[in-house]
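First the structure, in the form of structure tokens, and then the observations on it.
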Amino acid sequence: MQLIETWLADPERTFDLFAKFPAEETGFENLAVGMSRERFAAYVQGLRDEALGIGLPDGWVPATKYILVNDEGKYVGIFNLRHRLTDFLREGPGHIGYGIAREYRGHGYATAGLKLTLAKARELGIREAYLCVHKDNPASLAVQRHCGARIDHEDEREYYTRIDTGIGSMRDE
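In this text, residue positions in the sequence shown follow full-length UniProt numbering: the first is 1, and each later residue adds one.
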């Protein structure tokens with residue numbers, strides 16, 4: 001299992017993966033819905049710029065969008081890691097968002113991908129990852145809890161979770 005930066009992944013397979021997701025599904029947003037292949041290629045280059053902090057709109061932070069590739073080489077999911085938080089992100093979406101293509105759900109890919117994304121967060125110096133999950137998505141809450149999440153607070157629609165990334169608690173081996 002591995003994460004690949006979107007702009008380094010196979011363009012055709014990446015386009016096909018994004019096409020499997022609606023514009024919004026239980027909190028996971030797909031801004032590439034309905035794009036032509038040409039427009040999608042430009043979108044992916046924009047994701048590279050976003051990861052580098054180039055040309056960000058006001059209020060945005062650098063973020064890296066990854067493709068989760070399973071051990072058979074299939075593109076199974078999309079993971080987004082925001083490199084830091086604004087007040088809005090701290091009280092809302094948080095550091096990490098993810099989606100697994102429907103045909104791959106229920107096979108542990110979300111848990112594996114979240115663990116890999118938490119390792120990337122740790123590399124960025126993030127001590128505690130902030131996430132949120134729709135209350136009508138118990139499978140995603142279970143994934144987060146399996147990765148060590150605790151519910152920090154909630155509102156009528158969402159649970160807001162926190163996961164210790166292990167910085168400061170890891171021993172040299």
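Built from N, CA and C at the ideal position, the CB exists for glycine as well.
Model, not experiment: these values are computed from the prediction.
Our contact map puts residue i next to residue j with C-beta atoms below 8 angstroms; I'd like the distance itself, whole angstroms only.
{"i": "Leu-17", "j": "Ala-110", "result": "Between Ala-110 and Leu-17 the Cβ distance is about 15 angstroms, and since that is not below 8 angstroms, they are no contact."}
{"i": "His-83", "j": "Ala-112", "result": "Between Ala-112 and His-83 the Cβ distance is about 22 angstroms, and since that is not below 8 angstroms, they are no contact."}
{"i": "Val-69", "j": "Ile-126", "result": "Contact flag wrong, Cβ pair sits at about 23 angstroms."}
{"i": "Val-44", "j": "Trp-7", "result": "5 angstroms"}
{"i": "Met-1", "j": "Leu-116", "result": "7 angstroms"}
{"i": "Cys-147", "j": "Leu-118", "result": "6 angstroms"}
Would residue i pass as a contact of residue j if the rule is Cβ separation under 8 angstroms?
{"i": "Cys-132", "j": "Gly-59", "result": "no"}
{"i": "Phe-21", "j": "Arg-37", "result": "no"}
{"i": "Gly-166", "j": "Arg-122", "result": "yes"}
{"i": "Lys-120", "j": "Leu-81", "result": "yes"}
{"i": "Ile-151", "j": "Ala-129", "result": "no"}
{"i": "Ala-32", "j": "Phe-40", "result": "yes"}
{"i": "Ala-9", "j": "Ile-67", "result": "yes"}
{"i": "Gly-99", "j": "Glu-25", "result": "yes"}
With which residues is residue i paired in a DSSP beta bridge?
{"i": "Ala-63", "result": "Arg-82"}
{"i": "Tyr-98", "result": "Phe-79"}
{"i": "Phe-28", "result": "Glu-25"}
{"i": "Leu-68", "result": "Leu-3 and Gly-77"}
Using a Cβ-Cβ distance cut-off of 8 angstroms, determine whether residue i contacts chain D.
{"i": "Glu-29", "result": "Absent from the structure: chain D. Only one protein chain is present."}
*Report the residue ranges of all beta strand (DSSP E) runs contained in full by the region 111 to 166; include only those spanning at least 3 residues, in chain order.*
128 to 134, 150 to 154 and 158 to 164
*Given 8 angstroms as the limit, is there contact between the region 68 to 75 and the region 83 to 92, that is, 3 or more CB pairs closer than that?*
no
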